[in-house]
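To keep things clear, I will list the structure first and then write my remarks on it.
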Amino acid sequence: MESLSIIGSKEYIEEIEEIKHCGHFNLEKSTVNIGLVTENDLSISNVINDDDRVVVRKTAFSCNYRDKTLILHYNKEVQDMEADDEITFSYMGSEFVGEVIEIGKNVTGLKIGDRVIPNISYPSYTKGYVGGIPSNHASRRIDDFKENKLVKIPDSMPDAVAAAFPIAAFTTYSMIRKVVFPNARVLVTSARSNTSLAVISALRNFPVEVYAITSSHEDHDILYNYGVKKVFVVDRYEAKPEEGQALVDFTRQNGLFNAVIDPMSDIYLERVLKFMDYDSKYVTCGLYDQYADFSVRSHNERPGLMKDIIMQVLAKNISIIGNCIGLEEDFNMAVKHYEEGKFDILIDEVFTIGEEISFFEKTYNSSNRMGKVVFSYV
């Protein structure tokens, strides 16, 4: 079967029948060549420790913000090997949905025909379970996994949603569990990001008031339809006086925020502290400037920044909480709310065979993207 992959230059692979060049896209300062690579299908008979493994045929996958640096890394490896006159390729992506096509004899919880997504529960408190994302090669069409790294999904969940569900579900409900309580005023930053859209969708299930910060003037109607009471527009790169005044005026009239959920801590942490109440809680799951290779920086760090942050945190007894993914209980609640129609993953667009470059351009280079972008093999 064909798998969407990072490949070498068109000129270098043009005589290789198993690799079909689809085009290229630009990521940061790099040119990434994309192709469809045909391989012999994987079967349970050639899988190591096959008695405990499950073979899955992927039907769709998606890439997230974390995958960006991995794509840059894999692309450099492919280019370096090409310079040494060697041919290679690399899969990409962290989330997928697929169908079980073979199982080992010790597998009891899954059967052939089940639709599954990766079980990314983290951290691990169970012997024999390795926490976190099971693969950075979600685009590989046929793949095998240990049974406990897969989870069956309901028939009501379409492939497009399932391929974008795991990280949002685990992370969203984990962060909410850590900071939200009844009647809290909750501020969600980076409101157009995939994580924050999922958080805002999930918060509809809790008796709280939801407010949002975004750097965009567009698509506020989607946020209000999700239940946001007020949207604040701020500049991503610089905290401007008028932004602070708008929040000052609002909090003076309505009260400070009891909880902040922030996926981009290097942009917003310092800005939001002054608008947080005593004994409030702040949770973050990441940074905007995650990697040194990224050409666009989120902000200019200034001397004394960390000292100022700590001083505010101490003076107001604010709890700063880090969050990486989440637990099985978080995922189960997300699925329950999804089946009840009370939680969803906003999908911007689904691409398929023949639209490979458009998939990557929309995922990483489109300023008007609103929601997850999915690639479907079927």
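Heads up: the sequence shown runs through residues 16 to 393, numbered per our numbering.
All C-beta atoms in this analysis are idealised placements derived from N, C-alpha and C, irrespective of residue type, glycine included.
Predicted, not measured: the structure shown is a model, and the values here were computed from it.
query                                                                                                          : result
Touching by the beta-carbon criterion (3+ pairs, under 8 Å), the stretch 293 to 305 and the stretch 185 to 199 : yes
Sequence-distant residues of the same chain with beta carbon closer than 8 Å to E33, five excluded per side    : V52, T53, E54
Check whether V71 and E114 have beta carbons under 9 Å apart                                                   : yes
Residue burial classification, P7 (beta-carbon count within 10 angstroms, cutoff 16)                           : Here the chain comprises residues numbered 16 to 393, so residue 7 is not present and cannot be evaluated.
Secondary structure of E43, DSSP reduced to three states                                                       : coil
Option in F358, R384, K142, E110 with minimal Cα separation from R155                                          : E110
Host alpha helix (DSSP H) of M172 (start-end)                                                                  : Counting along the chain, M172 falls outside any alpha helix (DSSP H), and DSSP gives it neither H nor E.
Beta-carbon proximity of L412 to D292, cut-off 9 Å                                                             : Lying outside 16 to 393, the shown extent of the chain, residue 412 is not represented and no answer is given.
Selection from A199, N220, H232, K161 that minimises the alpha carbon distance to K296                         : A199
Residue burial classification, V263 (beta-carbon count within 10 angstroms, cutoff 16)                         : exposed
Identified DSSP bridge partners for D129                                                                       : DSSP lists no partner for D129.
Whether Y80 touches I340 by CB criterion (9 Å)                                                                 : no
Own chain, CB closer than 6 Å to L218, minus 5 neighbours either side, in chain order                          : V225
Collapsed DSSP secondary structure at M190 in the structure displayed                                          : helix
S171 versus E355: straight-line alpha-carbon distance, rounded                                                 : 10 Å
Residue of V388, N240, M96, L42 minimising C-alpha distance to T367                                            : V388
Cα-Cα separation between G50 and F374, rounded to whole angstroms                                              : 12 Å
Coil, strand or helix - T84 by DSSP                                                                            : helix
C-alpha gap between V145 and E233, whole angstroms                                                             : 41 Å
Bounding residues of the beta strand (DSSP E) (the contiguous stretch that carries A227)                       : 224 to 229
For A75, three-class secondary structure by DSSP                                                               : strand
Own chain, CB closer than 7 Å to D376, minus 5 neighbours either side, in chain order                          : First, the amino acid is wrong: residue 376 is Glu here, not Asp. Cβ within range, chain order: F40.
Nearest candidate by alpha-carbon position, reference N7, set P149, F196, A183                                 : It is not possible to answer for residue 7, since the shown part of the chain is limited to 16 through 393.
Cβ shell of N380 (< 8 Å), same chain only, five flanking positions each side left out                          : F40, N41, L42
Neighbour-count burial assignment, D359, 16 or more Cβ in a 10 Å radius                                        : buried
Buried or exposed (CB count within 10 angstroms, at least 16 for buried), M107                                 : buried
Same chain, Cβ closer than 6 Å to S205, five either side skipped, listed in chain order                        : S211, P278, M279
Which of helix, strand or coil DSSP assigns to L238                                                            : helix
Pairwise C-alpha distance: I86 and I135                                                                        : 20 Å
Coarse secondary structure for S139, derived from DSSP in three states                                         : coil
Cutoff 8 Å; reference I372; Cβ partners in own chain excluding five residues on either side                    : C37, G38, H39, F40, I49
Run of the beta strand (DSSP E) containing M291, from where it starts to where it stops                        : 291 to 299
Nearest candidate by alpha-carbon position, reference V275, set N240, I22, F196                                : F196
Strand pairing of R200, partner residues [DSSP]                                                                : E224
Three-state secondary structure (DSSP) of F104                                                                 : coil
Cα-Cα separation, S9 to F76                                                                                    : Past the edges of the chain, shown from 16 to 393, lies residue 9, and the structure says nothing about it.
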